[in-house]
Every structure is written in C-alpha cells, then in structure tokens.
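**Q** Below you will find the structure I want to go over with you.
Protein chains: 2
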Amino acid sequence: MLCFHSRQTVSLFTLVGPLDQSLEPKSFKITCSVNQVPAPVAVQTEEAKNKSECFGVFCQTYDLKAEEETKSWKKLINVAVSGAAGMISNHLLFKLASGEVFGPDQPVALKLLGSERSFQALEGVAMELEDSLYPLLREVSIGINPYEVFEDAEWALLIGAKPRGPGMERAGLLDINGQIFAEQGKALNAVASRNVKVIVVGNPCNTNALICLKNAPDIPAKNFHALTRLDENRAKCQLALKAGVFYDKVSNMTIWGNHSTTQVPDFLNARINGSPVKEVIKDHKWLEEEFTEKVQKRGGVLIQKWGRSSAASTAVSIADAMKSLVTPTPEGDWFSTGVYTNGNPYGIAQDIVFSMPCRSKGDGDYELVKDITFDEYLRKRIAKSEAELLAEKRCVAHLTGEGVAFCDLPEDTMLPGEM
Amino acid sequence: MLCFHSRQTVSLFTLVGPLDQSLEPKSFKITCSVNQVPAPVAVQTEEAKNKSECFGVFCQTYDLKAEEETKSWKKLINVAVSGAAGMISNHLLFKLASGEVFGPDQPVALKLLGSERSFQALEGVAMELEDSLYPLLREVSIGINPYEVFEDAEWALLIGAKPRGPGMERAGLLDINGQIFAEQGKALNAVASRNVKVIVVGNPCNTNALICLKNAPDIPAKNFHALTRLDENRAKCQLALKAGVFYDKVSNMTIWGNHSTTQVPDFLNARINGSPVKEVIKDHKWLEEEFTEKVQKRGGVLIQKWGRSSAASTAVSIADAMKSLVTPTPEGDWFSTGVYTNGNPYGIAQDIVFSMPCRSKGDGDYELVKDITFDEYLRKRIAKSEAELLAEKRCVAHLTGEGVAFCDLPEDTMLPGEM
Chain A
1 MLCFHSRQTV SLFTLVGPLD QSLEPKSFKI TCSVNQVPAP VAVQTEEAKN KSECFGVFCQ
61 TYDLKAEEET KSWKKLINVA VSGAAGMISN HLLFKLASGE VFGPDQPVAL KLLGSERSFQ
121 ALEGVAMELE DSLYPLLREV SIGINPYEVF EDAEWALLIG AKPRGPGMER AGLLDINGQI
181 FAEQGKALNA VASRNVKVIV VGNPCNTNAL ICLKNAPDIP AKNFHALTRL DENRAKCQLA
241 LKAGVFYDKV SNMTIWGNHS TTQVPDFLNA RINGSPVKEV IKDHKWLEEE FTEKVQKRGG
301 VLIQKWGRSS AASTAVSIAD AMKSLVTPTP EGDWFSTGVY TNGNPYGIAQ DIVFSMPCRS
361 KGDGDYELVK DITFDEYLRK RIAKSEAELL AEKRCVAHLT GEGVAFCDLP EDTMLPGEM
Chain B
1 MLCFHSRQTV SLFTLVGPLD QSLEPKSFKI TCSVNQVPAP VAVQTEEAKN KSECFGVFCQ
61 TYDLKAEEET KSWKKLINVA VSGAAGMISN HLLFKLASGE VFGPDQPVAL KLLGSERSFQ
121 ALEGVAMELE DSLYPLLREV SIGINPYEVF EDAEWALLIG AKPRGPGMER AGLLDINGQI
181 FAEQGKALNA VASRNVKVIV VGNPCNTNAL ICLKNAPDIP AKNFHALTRL DENRAKCQLA
241 LKAGVFYDKV SNMTIWGNHS TTQVPDFLNA RINGSPVKEV IKDHKWLEEE FTEKVQKRGG
301 VLIQKWGRSS AASTAVSIAD AMKSLVTPTP EGDWFSTGVY TNGNPYGIAQ DIVFSMPCRS
361 KGDGDYELVK DITFDEYLRK RIAKSEAELL AEKRCVAHLT GEGVAFCDLP EDTMLPGEM
C-alpha cells in the first residue's frame, strides 16, 4: 500500500495485487493508490447460522393465497434490510410491518441482515416483531449472508455500515464501507429480484450507492437511491420555522448533491404556500448564509441534546422515501433522492449518484423534474458537491471496477452527528 | 419510619408524621408502617422551564379550523405522555403522530412530560418530531410539571417511572413510584379533561394505576388502565407457536390479574381458529406448566438477546391498547386491560386494578365480558394474583388516602426484564 499523505486525508486500502506503477498523482496533493483488483467474492460457508432462516412464528405455514382472495390483499412483498439490529432499523422495521409504508392491503416479508456480532440482537428484534402480532407481517427471516438474505428481495434498504473509528478520515470510511457495499451489490445482482429498488442509508451513502450499483450490472442503475430525504425534511422544517408557517406549507424542496456538508438545500426552487421562498422569506442573507448550515448541523445538535443519533427521524425519512416511490407525487410537487446521474437535464456530471428533484407515478419508478430554475449561486454550490462526488468516485475506483483508485478529498465533509 | 423486616421484603417509606401506635401487624411476618399522611402536593415553582411550552415549529399559528372543514378532520386531540424522553416513548410518540393509533383524520397534540434531568433529551425528541413533518401532528409541548403538561389531556399515557435501584425490592419500588403516580393523579384531577383516559405503563403498573385513580376522585375510576396488552400479545404468539398456526388465528386471550409473575394468561377461554385452545393443543401439561412461564420470561429473554428491554414491542402494545378503546372490538372477541374491579361479575375483590377481558364500542369506554368459563385451576391462579394485588394495596395505603400502610408482600414478583 502506498499513501501520499498530507493535510487531513488518510486513505486506508487493502492492497491485494502489486502496485500499479503507471499511476501519476498529477496535481493532487494527497493521493493514495491501490491496484485495481477484482472486488472480493463473498465466502459462502455452509455453517448453519450463515443461512437465512425463517424465524419463530413466521415459520408457520399458512394459506396466504386465501387471504389474497378473501381480503383482496396484494402479493407478498419481500423487503431486505441490512443493519437490521441497529437503532434506525429498530424504528423502521415496525413501520414496514404495520402497513405504514405499503398500505393496509400489502402483506410484507422482512429479510433481516445482521452480522455475526449482532446475531443475538437480530433474534431479539425478530422476537419483538413476533410479539407485535402485525397481521400484514407474514414472514421474517434473519441471516448474516447477503447472498441468502437478499434472495428475491424487491426492496433492499441498506442501512448497515461500519462507524468511523478513532482518527479515521472520510477516505478510510469510503474504503471500508465501500467494500461492504461492493459485496452487497454483487449479492443483489446474484439473487435479488431483477427490479429490486435499493435505498442506501449507510454513509457515505451517495458513493456507497454508486459502488453498489456498479457491482450489480444486471439491475437497472436507476433503481439505486442514496437517502437524502432526512435532509429534505429538515430543510422544510427550517424554512417553515423561519417563515412562521406550519411545515406542510413548504413544498418543492430539493436537496442537491452529496449527503455531506456540500449538500445544497435549494431555496431558489422551493415554495411556501405556493410562492417562491425568496418572496416569502425576505431575509436573503439568512437563506444564503444560515439556512444550509442549520439543515446540516441538525444531526449534531440532536446528538448533543439526545445523546445519540437521530434514529427515529431517520427511519421516518426512509419510510417517506419509499412512500414517495409507491404513491403518486402530488401535482406540482417533487421529492429529493440521490440517483444515478446518467441522462440528467441539469448538466451534472454523468456516472455519479447525486441528489436531485424527482416525481413518481407510484409504480416504484421516478422521473427527474424538468422545470427547475438555476442561478449563479445555486450552480456554484451544486458544482462543489459534484466535484466532491467525483473525487469520492476516484477514491473508490478499485471497488467499482473502473481502474486505479486515488484519493484527493480536499477536506472532511461528513455531516455532524453522522458516523 | 418503622420496618419489621425479615425474608426478602424491604419497604422504604418516607415518614412525614409521628408513628401511628395503633397499628397492629396481626399475623403478617413482615410489616412496615407509616402514618397516614396527606399525599404530597406538587410544588408549583414559577421557573420558566417548569412551564409546559409549545416547541419550535409547533408554536406556529395555523388555521386548524379550516382544515377541520376542508379535510373533514376531527377536532384536535390532546395526548399527554410521561417518561417522554425514554425509549418506549421514542417509539410510541411517532406512532401517535403518524395516525397509526387514531386514524388519518385525527389531528394530534402531544404534551410531553419529562424530568429536569431528561429535559435536553426531551428537546431532542421534539426536534425529531419536527423533522418528521407528520401532517397530523399539530402541537408539541414539553415540560416537567404535570400540572402544566396534563392540562386538558384527553389521553394520559403514564410511562415514566423510577427504575429499581440496586437491592431495591418490590415494596420499595411501590413506594417510590407510588409517590409519582399519586402526584400525577392529583395533577390529572386538577387540570385534565374530565373524561381523560389514563393508561399506566410504569411499573408496578396495576398498583400505580390504583394510586393514580384514588388521587383523581373527579375522574371516573373506570377511565384508568394498567397495561397488560404486551402480556396478551406475547401469550397469543406463544399459543400460535405451540399450535403451529399464525398468530392472527388466536383470539379471546385474557390476561388476568397483576402485571407480575402472578399474572394468569387464560388458556381456558382463549381460542385458536375459533376452537377452545385445549381442543387444539392437546399437550395440556405444556399449557399448565410451561405456557405461563414462557409468556412471563419473554422480557428477560429479550434483554439477554437484545441487551436492553423491549421498548418497541411495548410501544406497539400501548398503541394496541389505545386502538382497542377507539375501535369497535371484533364480534365475539375481546382484549385484556387492567381496570378498576368495582362491579366485576367474576367475584374478584372490589377496589383494586385487575386485568380482565373487555370489549369496546370504540367510544373510548369498555365493558367487561360476561360469558367467561372458570375451572378450579384458573380460579386458584386468579386468587393468587388477587391476593398479591390486595397486599400491594395495603402497602400503599398511605398514598391512596386509605389509612396506614403495611407491607406483607410474600415474595418478589417483578417480571424478568422489567425495572
């Protein structure tokens, strides 16, 4: 492993092959390089606990077909969740089971992915799901092998990620978590439904989503999302507070770019009571200088207050992101989600995962919104987030199968309060 | 303070007046006595943070009346929650805000009661509720004074309670928490809606509910509940597992008595697929010797697995308990809740809070189910739980205004996994 190290960035890559000597750091001050290596293939052991298995009462046989007929229920939907023993999942799983996301006529199968370390906690979660007697929750299985757990998944909610260790920089986190998402991409590609919808929550989520989709070439790249909905929700709330209105009056809120401190909550296109934000909030200095920081620092403030990160509202925002794809978007409005940029009408670089404004017919798919206004200020900030994501992409080239990685991340842009 | 102490029971009472010498311990081996004292009056300080105040975006003015008309929304409902910064509340509050409990046309005001120590965490919870943008959540206020927070409450969910300290026995817990519930009862009596429905979750919940209702003489005693719904849910799940059916096939499940190890999950009257349990589960030895223990030990097993107590499924069961009172009970079925025993048709002692089978028309009220079968085995176990609750009642007489307290709790019957 070879690392050129100065300023704040350290990169930790596992070097598997010989160093590629042709790599030229060019003008970058900080670079790390590793050879392009085939991304790791998951080891498929035959141990019992490696197998994804139905849990407890959910192993009972029952005639769901009869219920599909008598109750006009839809066909069972398979939802896989990674990091299933964590706090975000502990909120989200019960929302999925209750019918809050997919509606009262949609039976649900939950496929929970944990780790060897968290396996007992995973059993605990499954037991609490048993004890909740949700009529729509028809199957629960738990496992630690993504090739088992993701089988036939129609949704994959990728929440699990390694937290940042002491002294670890964003580049190190990118590599460590990137490896997880490369493996999970391969697993999805191998066993999931051919039209699986994937929402990546584990950070850094945009680039993790890019890694994941690159490792799942048989699944449409369009199906991969990076979660920026919590940022959107927080931005709406801050605009409502400033304008002195209730939050349901704020619409057309876009988060552009990376789920990091370079994210761009767009107050140029957002509306309050149907009017442009800048017509309602006359304090443009606040919009330009304080608003974005308020949105970004929310997670950090919450950790200070509450002593842990915001699991409940993150879970709410994941549910919101899913509902936005399975419910028609209200006329004239849109929502934000980090998606693959190929073919975007905004001039944003191709081949990254970038949060942009979308609309859905409620069929699980989406289209980008066309009538968006840009000004110099907005363009400049979008370009900064774009540059960051391009740098992150270069940093994980060894995980996307696109050559030799080198890191030139200019600074650490993790959101406060995030791992 | 005078304590006669032997075996396992210790009682810790705060003695305020001179000892009543007329107290005769009679045949009890272990007794504690305190003078009957007027229950403490809450100190109403004028400090700002003692005041219950609207939080953040929920302080915005908006025309809810217009929405009541245009969206056919119901009138705003006030729900007070104590222990609002705790883990159970962290699940429950989002269910209440989402419409899962009261339905999609019922706007909700949440009034959160915390403590001085938890006040910052309470702000954190309110911030996460802000960021969740629930359209039905129209007001959130936080405070540490029940006389402020309970004002006009139509529901009071009393979750907060002191956990058991090292070496503290049930009698000690009864007194410490009893004082909290006496004060909260007085506060409800002073400021809550005259028809407030109260669900006591903080343990020991049956006797806490009794203390609470005794301190709220202007509110119908019938309106007070002690939560045994998690026990009911767990019992249904265990019967389903044993019978090899899905849990939605189990009905008519009663938990009788105290939320403690003397609770009686009733397999005589419960049904599976409409048939008596004993006809479906032929292993009567399992029913008599293992089933009850499986239900009771569930919380302890969960703590082992999951490392903390079962907040999520407890919150689900509180939501279930509320839904059972605001939704008509399905024909032929019933649910369990700990309620005041006056006028019960089962021969259970008057003037305690005992879990029994109930039905509701969905108006917030309930009636006891009449057609219940008893056998010797069921009677005997109900009598044991009844005796325990009568003993607990004697133990807290100083908090119910009914004379001199003395404790003769035969053994520690806290449920494993509970505080």
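So the protein lines, in turn, are chains A and B. Residues in the first sequence are numbered consecutively from 1, following UniProt numbering. Residues in the second sequence are numbered consecutively from 1, following UniProt numbering. Glycine residues also receive a C-beta, built at the ideal position from the N, C-alpha and C atoms. All values reported here derive from a predicted model rather than from experimental measurement.
For Glu232 (chain A), collect the residues of the same chain with a Cβ closer than 6 Å to its Cβ; drop the 5 residues on either side in sequence, then sort them by chain order.
**A** Indexing the first sequence from 1 puts residue 232 (chain A) at position 232. Result list for Glu232 (chain A): Met253, Ile255, Ser336, in chain order.
**Q** Between the C-alpha atoms of Ala192 (chain A) and Ala97 (chain A), what's the straight-line distance to the nearest angstrom?
**A** The residue labelled residue 192 (chain A) in the question sits at position 192 within the first sequence. The residue labelled residue 97 (chain A) in the question sits at position 97 within the first sequence. Each residue's Cα considered, the two are about 20 Å apart.
**Q** Taking the C-alpha atoms as reference points, what is the distance between Tyr346 (chain B) and Lys370 (chain B)?
**A** Counting from one through the second sequence, the residue named residue 346 (chain B) turns up at place 346. Counting from one through the second sequence, the residue named residue 370 (chain B) turns up at place 370. Rounded to whole angstroms, Tyr346 (chain B) to Lys370 (chain B) spans 8 Å at the Cα level.
**Q** For Arg234 (chain B), decide whether its Cβ has a neighbour in chain A, counting only Cβ atoms nearer than 8 Å.
**A** Mapped onto the second sequence, residue 234 (chain B) falls at position 234. Yes, its Cβ sits closer than 8 Å to a Cβ of chain A.
**Q** Quick one: what's got a C-beta closer than 7 Å to Ala240 (chain A)'s C-beta in the same chain, skipping five residues either side?
**A** As a working note, residue 240 (chain A) is residue 240 in the first sequence. Phe246, Tyr247, Lys249, Val250.
**Q** Which runs of the beta strand (DSSP E) spanning at least 3 residues fall entirely within the UniProt domain "Lactate/malate dehydrogenase N-terminal" (78-225) of chain B, listed in chain order?
**A** For the UniProt domain "Lactate/malate dehydrogenase N-terminal" (78-225) of chain B, whole beta strand (DSSP E) runs of length 3 or above, ordered along the chain, are 108-113, 137-143, 155-158, 197-200.
**Q** Expressed to the nearest angstrom, what Euclidean distance is found between the alpha-carbon atoms of Pro163 (chain A) and Gly86 (chain A)?
**A** Taking the first residue of the first sequence as position 1, residue 163 (chain A) is located at position 163. Taking the first residue of the first sequence as position 1, residue 86 (chain A) is located at position 86. The straight-line gap from Cα to Cα measures roughly 12 Å.
**Q** Any beta carbon from chain A within less than 8 Å of Ser274 (chain B)'s own beta carbon?
**A** Here residue 274 (chain B) refers to the residue found at position 274 of the second sequence. The question names Ser, yet the displayed sequence has Gly at residue 274 (chain B). No, no contact with chain A.
**Q** How big is the Cα-Cα spacing for Trp155 (chain A) and Cys59 (chain A)?
**A** To locate residue 155 (chain A), count along the first sequence from 1; it is residue 155. To locate residue 59 (chain A), count along the first sequence from 1; it is residue 59. Approximately 21 Å between the Cα atoms of the pair.
**Q** In chain order, what residues of the stretch 131-160 of chain B put their CB closer than 7 Å to some CB of chain A?
**A** Flagged, chain order: Asp131, Ser132, Leu133, Pro135.
**Q** Tell me, please, whether the CB atom of Leu302 (chain A) is closer than 8 Å to any CB atom in chain B?
**A** Residue 302 (chain A) sits at position 302 when you count from the first residue of the first sequence. It does: the Cβ of Leu302 (chain A) has a partner Cβ on chain B nearer than 8 Å.
**Q** Would you say Val245 (chain A) reaches chain B, if we count a Cβ-Cβ gap shorter than 8 Å as a contact?
**A** Locating residue 245 (chain A) in the first sequence gives position 245, where the first residue counts as 1. Yes - at least one Cβ of chain B is within 8 Å of the one on Val245 (chain A).
**Q** Using a Cβ cut-off of 8 Å, pull out every chain A residue sitting near Arg298 (chain B), in sequence order please.
**A** As a working note, residue 298 (chain B) is residue 298 in the second sequence. Within 8 Å Cβ-Cβ: Met127, Asp131.
**Q** With a Cβ-Cβ cutoff of 8 Å, do Val81 (chain B) and Leu157 (chain B) count as a contact?
**A** Against the second sequence, residue 81 (chain B) aligns to sequence position 81. Against the second sequence, residue 157 (chain B) aligns to sequence position 157. Yes; because the gap between Cβ atoms is below 8 Å, this pair is in contact.
**Q** Look at the alpha carbon of Asp175 (chain B) and the alpha carbon of Ser355 (chain A), and state the distance between them as a whole number of angstroms.
**A** As a working note, residue 175 (chain B) is residue 175 in the second sequence. As a working note, residue 355 (chain A) is residue 355 in the first sequence. Going from the Cα of Asp175 (chain B) to the Cα of Ser355 (chain A) covers about 55 Å.
**Q** Counting only C-beta atoms, is Lys305 (chain A) closer than 8 Å to chain B at any point?
**A** Position 305 of the first sequence, counted from the start, is the residue given in the question as residue 305 (chain A). Answer yes: the Cβ-Cβ gap between Lys305 (chain A) and chain B drops below 8 Å somewhere.
**Q** So, at 7 Å on beta carbons, what are the nonlocal neighbours of Gly362 (chain B) in its own chain, with the 5 sequence-adjacent residues on each side left out?
**A** As a position in the second sequence, residue 362 (chain B) is number 362, starting the count at 1. Answer for Gly362 (chain B): Val326, Thr327, Pro328, listed in chain order.
**Q** Along the chain, where does the alpha helix (DSSP H) that runs through Asp320 (chain A) open and close?
**A** Here residue 320 (chain A) is taken as the residue at index 320 of the first sequence, counted from 1. Unbroken alpha helix (DSSP H) run through Asp320 (chain A): 311-326.
**Q** Spatial neighbours of Thr314 (chain B) within its chain, please: C-beta separation below 6 Å, excluding the five flanking residues on both sides.
**A** Mapped onto the second sequence, residue 314 (chain B) falls at position 314. Excluding residues within five positions, the ones whose Cβ falls inside 6 Å are Ile88, Leu230.
**Q** Could you check the C-alpha separation between Ala182 (chain B) and Pro204 (chain B) for me, to the nearest Å?
**A** Indexing the second sequence from 1 puts residue 182 (chain B) at position 182. Indexing the second sequence from 1 puts residue 204 (chain B) at position 204. Going from the Cα of Ala182 (chain B) to the Cα of Pro204 (chain B) covers about 13 Å.
**Q** Quick check on residue 426 (chain A): does DSSP put it in helix, strand or coil?
**A** Since the first and last residues shown for chain A are 1 and 419, residue 426 (chain A) lies out of range.
**Q** Give every residue of the same chain whose Cβ lies closer than 7 Å to the Cβ of Lys384 (chain B), excluding the five residues on either side of it in the sequence, and list them in chain order.
**A** Locating residue 384 (chain B) in the second sequence gives position 384, where the first residue counts as 1. Within the same chain, Lys384 (chain B) has close Cβ partners Thr262.
**Q** Who pairs with Cys358 (chain A) in a beta bridge, going by DSSP?
**A** Translated into the one-based positions of the first sequence, residue 358 (chain A) becomes position 358. Per DSSP, A:Phe335, A:Leu368.
**Q** Going along the stretch 52-80 of chain B in order, which residues come within less than 7 Å of chain A, judged by CB to CB distance?
**A** Taking 7 Å as the Cβ-Cβ cut-off against chain A, the residues of the stretch 52-80 of chain B that qualify are Gly56, Val57, Gln60, Tyr62.
**Q** What residue range does the alpha helix (DSSP H) around Val295 (chain A) cover?
**A** As a position in the first sequence, residue 295 (chain A) is number 295, starting the count at 1. 292-306 is the span of the alpha helix (DSSP H), which, as asked, contains Val295 (chain A).
**Q** Could you name the residues of chain B that Asn342 (chain A) contacts, counting a contact when the two beta carbons are closer than 8 Å?
**A** Along the first sequence, read from residue 1 onward, the residue named residue 342 (chain A) stands at position 342. Those do not exist, as Asn342 (chain A) stays about 31 Å from chain B at its closest Cβ, beyond 8 Å.
**Q** Would you list the one or two residues that DSSP bridges to Ser260 (chain A)?
**A** Mapped onto the first sequence, residue 260 (chain A) falls at position 260. Its beta-bridge partners do not exist; DSSP assigns none.
**Q** Report the rounded CA-to-CA distance for Pro265 (chain A) versus Ala109 (chain A), giving the unit in angstroms.
**A** In the first sequence, the residue the question calls residue 265 (chain A) occupies position 265. In the first sequence, the residue the question calls residue 109 (chain A) occupies position 109. Their Cα atoms are separated by approximately 35 Å.
**Q** Let me know the secondary structure DSSP gives Asp231 (chain A) once reduced to three states.
**A** The count along the first sequence starts at 1 and reaches residue 231 (chain A) at position 231. Helix.
**Q** List the DSSP bridge partners of Glu53 (chain A).
**A** Locating residue 53 (chain A) in the first sequence gives position 53, counting from the first residue. Glu53 (chain A) is bridged to A:Ile142.
**Q** Rounded C-beta distance between Ala84 (chain B) and Leu122 (chain B)? I'm assuming under 8 Å.
**A** Start at 1 with the first residue of the second sequence, and residue 84 (chain B) comes out as number 84. Start at 1 with the first residue of the second sequence, and residue 122 (chain B) comes out as number 122. Between Leu122 (chain B) and Ala84 (chain B) the Cβ distance is about 6 Å, and since that is below 8 Å, they are a contact.
**Q** Work out the CA separation of Ile382 (chain A) and Phe150 (chain A) for me, nearest whole Å.
**A** In the first sequence, counting from the first residue as 1, residue 150 (chain A) sits at position 150. In the first sequence, counting from the first residue as 1, residue 382 (chain A) sits at position 382. Straight-line Cα distance between these residues: approximately 34 Å.
**Q** By DSSP's criteria, Ser275 (chain B) is part of a beta bridge. Which residues make up the other side?
**A** As a position in the second sequence, residue 275 (chain B) is number 275, starting the count at 1. For Ser275 (chain B), which the question treats as bridged, DSSP gives the partners B:Ile272.
**Q** Applying the criterion that 16 or more other CB atoms from any shown protein chain within 10 Å of the CB defines a buried residue, is Pro107 (chain A) buried or exposed?
**A** Locating residue 107 (chain A) in the first sequence gives position 107, where the first residue counts as 1. Buried, by the Cβ-count rule.
**Q** Need the endpoints of the alpha helix (DSSP H) that Glu376 (chain B) sits in, please.
**A** Position 376 of the second sequence, counted from the first residue, corresponds to residue 376 (chain B). That run of the alpha helix (DSSP H) goes 376-395.
**Q** Quick check on this structure: which residue in B:Ser317, B:Ala270, B:Gly178 has the alpha carbon closest to the alpha carbon of Asp131 (chain A)?
**A** Counting from 1 along the first sequence, the entry for residue 131 (chain A) is found at position 131. Per the Cα distances, B:Ser317.
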